[in-house]
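Asker: Below is one structure. I have some questions about it.
Right, here's the structure in full:
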């Protein structure tokens, strides 16, 4: 970004766009660094591009259906060779992501994707989105005891997944949790209250 | 003993037992919270049995945190029993809630999140 002051309306407009892009990048990098590279703030299209085609899709539309989505997704993960720790991590992420969509947006759609050595579980809704100012609190404050239900859910996903991709705005929220097929206990570092 | 769909509350000597079964999540959290509230009102220590619970989510964890804090302030104890290698044990372990409650891991078979797997 140039240090020179803009003197025409067009230049001022471009400068504002650059400033906003800069702020957004600063925000994304801060969240990423604060979560050890785990919480990736993205655009919805970028998450879709990472996910690619799906192995299975579900409608998230009722409380009774959440266990069925989880059961089917973990059964599929098991058939693809995911180890037991991965199954625990995946089940936890699915529970939090689908519950959030139902609670905060009245529902949405979920899908499971195969990446190279991992699976990605994605939930997309068209609710009001997460207040972006609450994300630093979720990412930066230690422990679970003051996080509230949304914060606690995101902390569980961040600890469980190798990466959590999040796109949120007034058009809705997409969250995708990536979990390796082979997992190591060392990743399960508990948060301290 | 009081029993609802997934939660039973019973009292024995110095403690109240709250036993869960099946799925405990956002949609059963109010029921769970109600059971914990009645257990808190007893003035006794609380033991929660999650051995037959196959899944808990953050809404249930929030209830545990709230109850653990209330008991700690009152000088009373919260103990949670979970099956080894079940999802509740995993969630409680990664949340590091040991400062607020005693977590006892039972070696019996867990109520597993992978159905038929």
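Residue numbers (our numbering), protein chains in the order written: chain A, 3 to 195; chain B, 14 to 130.
In this text, a Cβ means the ideal position worked out from N, Cα and C, and glycines have one as well.
1) For the beta strand (DSSP E) holding residue 23/B, just list the boundary residues, first then last.
2) Which class does residue 119/B belong to by DSSP, given the choice of helix, strand or coil?
3) If you draw a straight line from the C-alpha of residue 107/A to the C-alpha of residue 68/A, how long is it?
4) Could you give the DSSP three-state label for residue 80/B: helix, strand or coil?
5) Contact defined as beta carbons within less than 8 Å: I believe residue 52/A pairs with residue 156/A. What is the distance between those atoms, to the nearest angstrom?
6) Is it the case that the Cβ atoms of residue 71/A and residue 121/A are separated by a distance below 8 Å?
7) Interface residues of chain A around residue 100/B at Cβ under 7 Å?
8) Does any residue of chain B bring its CB to less than 8 Å from the CB of residue 186/A?
9) Using the C-alpha atoms, what's the distance from residue 43/A back to residue 33/A?
10) Taking the DSSP output, what are the residues bridged to residue 115/A?
11) How would you call residue 100/B, buried or exposed, if buried means at least 16 neighbouring beta carbons within 10 angstroms?
12) Going straight from the alpha carbon of residue 110/B to that of residue 78/B, what length do you get?
13) Within the same chain, show all residues whose beta-carbon is closer than 6 Å to that of residue 29/B, passing over the 5 residues directly before and after it, in chain order.
14) Between the alpha carbons of residue 77/A and residue 66/B, how many angstroms are there, rounded?
15) By Cβ distance, which residues of its chain are closer than 8 Å to residue 163/A, with the 5 residues on each side in sequence left out?
16) Can you tell which of 98/A, 118/A, 84/A, 173/A has the C-alpha that lies nearest to the C-alpha of residue 133/A?
17) Can you pull the DSSP bridge partners for residue 167/A?
18) Using a beta-carbon distance below 8 Å, is residue 101/A in contact with chain B?
19) With distance defined between alpha-carbon atoms, name the residue in 120/B, 114/B, 35/B, 96/B nearest to residue 75/B.
20) Would you decide whether residue 73/A is buried or exposed? Buried here means 16 or more other CB atoms lie within 10 Å of its CB.
21) Report the CB separation of residue 109/A from residue 103/A in whole angstroms; it is logged as a contact under 8 Å.
22) Terminal residues of the continuous beta strand (DSSP E) containing residue 30/B?
23) Looking at the C-beta of residue 53/B, does it have a partner C-beta in chain A at a distance below 8 Å?
24) Taking residue 39/B as the query, report the chain A residues whose CB atoms sit under 7 Å from its CB, ordered along the chain.
25) Within 8 Å (strictly less), CB to CB, does residue 155/A reach chain B?
26) Could you tell me which whole beta strand (DSSP E) segments of length 3 or greater appear in the stretch 53–132 of chain A?
27) For residue 91/B, report the span of its beta strand (DSSP E) as first-last.
28) Considering Cα atoms alone, identify which of 62/B, 27/B, 19/B is closest to residue 42/B.
29) How many Å lie between residue 45/B and residue 21/A at the Cα?
Answerer: Result, derived from the coordinates:
1) As a working note, residue 23/B is residue 10 in the second chain. For residue 23/B, the uninterrupted beta strand (DSSP E) segment begins and ends at 20–25.
2) Taking the second chain and counting its residues from 1, one reaches residue 119/B at position 106. Strand.
3) Within the first chain, residue 107/A is the residue found at index 105, counting from 1. Within the first chain, residue 68/A is the residue found at index 66, counting from 1. Linking residue 107/A to residue 68/A through their CA atoms gives a straight-line distance of about 15 Å.
4) Reading the second chain from its first residue, position 67 is the one you call residue 80/B. Three-state DSSP puts residue 80/B in a helix.
5) Position 50 of the first chain, counted from the start, is the residue given in the question as residue 52/A. Position 154 of the first chain, counted from the start, is the residue given in the question as residue 156/A. So it is not a contact: roughly 19 Å between Cβ atoms.
6) The residue given as residue 71/A occupies position 69 in the first chain. The residue given as residue 121/A occupies position 119 in the first chain. No, they are not a contact pair.
7) Walking along the second chain from the start, residue 100/B turns up at place 87. Counting only Cβ-Cβ distances below 7 Å, residue 100/B has contacts in chain A at 90, 93, 94, in chain order.
8) Within the first chain, the letter at position 184 stands for residue 186/A. Output row for residue 186/A: interface = no.
9) For the purposes of this step, residue 33/A is taken as the residue at position 31 of the first chain. For the purposes of this step, residue 43/A is taken as the residue at position 41 of the first chain. In a straight line, the C-alpha of residue 33/A is about 8 Å away from that of residue 43/A.
10) Along the first chain, one-based indexing puts residue 115/A at 113. Its beta-bridge partners are 122/A.
11) Looking up residue 100/B in the second chain gives position 87. Burial call: buried.
12) Walking along the second chain from the start, residue 110/B turns up at place 97. Walking along the second chain from the start, residue 78/B turns up at place 65. Put simply, the backbone Cα of residue 110/B is about 8 Å away from that of residue 78/B.
13) Here residue 29/B refers to the residue found at position 16 of the second chain. Same-chain partners within the cutoff: 52, 55, 57, 59.
14) Along the first chain, one-based indexing puts residue 77/A at 75. Along the second chain, one-based indexing puts residue 66/B at 53. Residue 66/B has its alpha-carbon roughly 18 Å from the corresponding atom of residue 77/A.
15) On the first chain, residue 163/A is found 161 positions in, with the first residue counted as 1. Within the same chain, residue 163/A has close Cβ partners 40, 91, 95, 179, 180, 181.
16) Along the first chain, one-based indexing puts residue 133/A at 131. The closest CA to that of residue 133/A, considering only 98/A, 118/A, 84/A, 173/A, is found on 173/A.
17) In the first chain, the residue the question calls residue 167/A occupies position 165. Under DSSP, residue 167/A forms a beta bridge with 42/A, 178/A.
18) As a working mapping, residue 101/A is identified with position 99 in the first chain. It does; some Cβ of chain B falls within 8 Å.
19) As a working note, residue 75/B is residue 62 in the second chain. Residue 114/B is the option with its Cα nearest to residue 75/B.
20) Translated into positions along the first chain, residue 73/A becomes position 71. Residue 73/A comes out buried.
21) Taking the first residue of the first chain as position 1, residue 109/A is located at position 107. Taking the first residue of the first chain as position 1, residue 103/A is located at position 101. Right, the Cβ-Cβ distance comes to about 6 Å (below 8 Å), so this counts as a contact.
22) As a first step, residue 30/B must be located in the second chain, where it is residue number 17. If you look at residue 30/B, you'll find it in the beta strand (DSSP E) that goes 28–33.
23) Numbered from 1 along the second chain, position 40 holds the residue referred to as residue 53/B. With 8 Å as the cut-off, residue 53/B does not count as an interface residue toward chain A.
24) Locating residue 39/B in the second chain gives position 26, counting from the first residue. One finds 101, 105 in chain A with Cβ atoms closer than 7 Å to the Cβ of residue 39/B, taken in chain order.
25) Within the first chain, residue 155/A is the residue found at index 153, counting from 1. So yes, residue 155/A belongs to the interface.
26) Entirely contained in the stretch 53–132 of chain A, the beta strand (DSSP E) runs reaching 3 residues are, in chain order, 58–62, 110–116, 120–127.
27) Translated into positions along the second chain, residue 91/B becomes position 78. Taken as a continuous stretch (DSSP letters only), the beta strand (DSSP E) holding residue 91/B covers 91–96.
28) Taking the first residue of the second chain as 1, we reach residue 42/B at position 29. Among 62/B, 27/B, 19/B, the Cα nearest to that of residue 42/B is on 19/B.
29) Numbered from 1 along the second chain, position 32 holds the residue referred to as residue 45/B. Numbered from 1 along the first chain, position 19 holds the residue referred to as residue 21/A. If you take the alpha carbons of residue 45/B and residue 21/A, they lie about 48 Å apart.
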